[in-house]
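Student: Take this structure, written in structure tokens, and hold onto it; I'll ask about it next.
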Amino acid sequence: MTMVKNHFETVIITAYIAKQEITIQTKKGENYRGKIQKKMTEDGFYVNEGFIAWDELDSIDLEEEYFHFWQEIVKQAIE
Numbered sequence: 001m002t003m004v005k006n007h008f009e010t011v012i013i014t015a016y017i018a019k020q021e022i023t024i025q026t027k028k029g030e031n032y033r034g035k036i037q038k039k040m041t042e043d044g045f046y047v048n049e050g051f052i053a054w055d056e057l058d059s060i061d062l063e064e065e066y067f068h069f070w071q072e073i074v075k076q077a078i079e
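For the sequence shown, position 52 matches number 52 in the UniProt record's numbering, and the numbering has no gaps at all.
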């Protein structure tokens, strides 16, 4: 698992596209695990049924599958 502490918007959008589960920690110490839902706004986004404000993000944990997905996409794009 890889922890991300910046570029949250990019990670959230790419996790949504890849349909990958992620784990999010908020600044309040709350943990959310699941897939990013379609509804994203300038205020925040949803993981499963839980709304998370962009400014409340502390870190995101990404599974290895997230990276494998993007490696395959890049490989296909350059072939």
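Virtual Cβ for every residue (Gly too), placed ideally from N, Cα, C.
Since this is a predicted model, take the numbers as computed values, not measurements.
Could you name the residues of the same chain whose beta carbon sits closer than 6 Å to that of Phe69, not counting the 5 residues immediately before and after it, in chain order?
Tutor: In the sequence shown, counting from the first residue as 1, residue 69 sits at position 69. Answer for Phe69: Ala18, listed in chain order.
Student: Quick one: what does DSSP say Lys35 is sitting in, helix, strand or coil?
Tutor: Sequence index remark: in the sequence shown, residue 35 carries index 35 (1-based). Look at Lys35 here: in three-state DSSP terms it is strand.
Student: Could you name each continuous beta strand (DSSP E) segment of 3 residues or more that falls completely within the stretch 6-65, going from the start of the chain to the end?
Tutor: Whole beta strand (DSSP E) segments, 3+ residues: 21-26, 31-40, 44-47, 50-53 and 57-62.
Student: Under the assumption that Thr2 contacts Leu62 (Cβ atoms under 8 Å), give the Cβ distance between them as a whole number of angstroms.
Tutor: Position 2 of the sequence shown, counting from 1, holds the residue named residue 2. Position 62 of the sequence shown, counting from 1, holds the residue named residue 62. Right, the Cβ-Cβ distance comes to about 5 Å (below 8 Å), so this counts as a contact.
Student: Can you give the Cα-Cα distance for Ile60 and Ile78, rounded to whole angstroms?
Tutor: Residue mapping note: residue 60 aligns to position 60 of the sequence shown, counting from 1. Residue mapping note: residue 78 aligns to position 78 of the sequence shown, counting from 1. About 28 Å.
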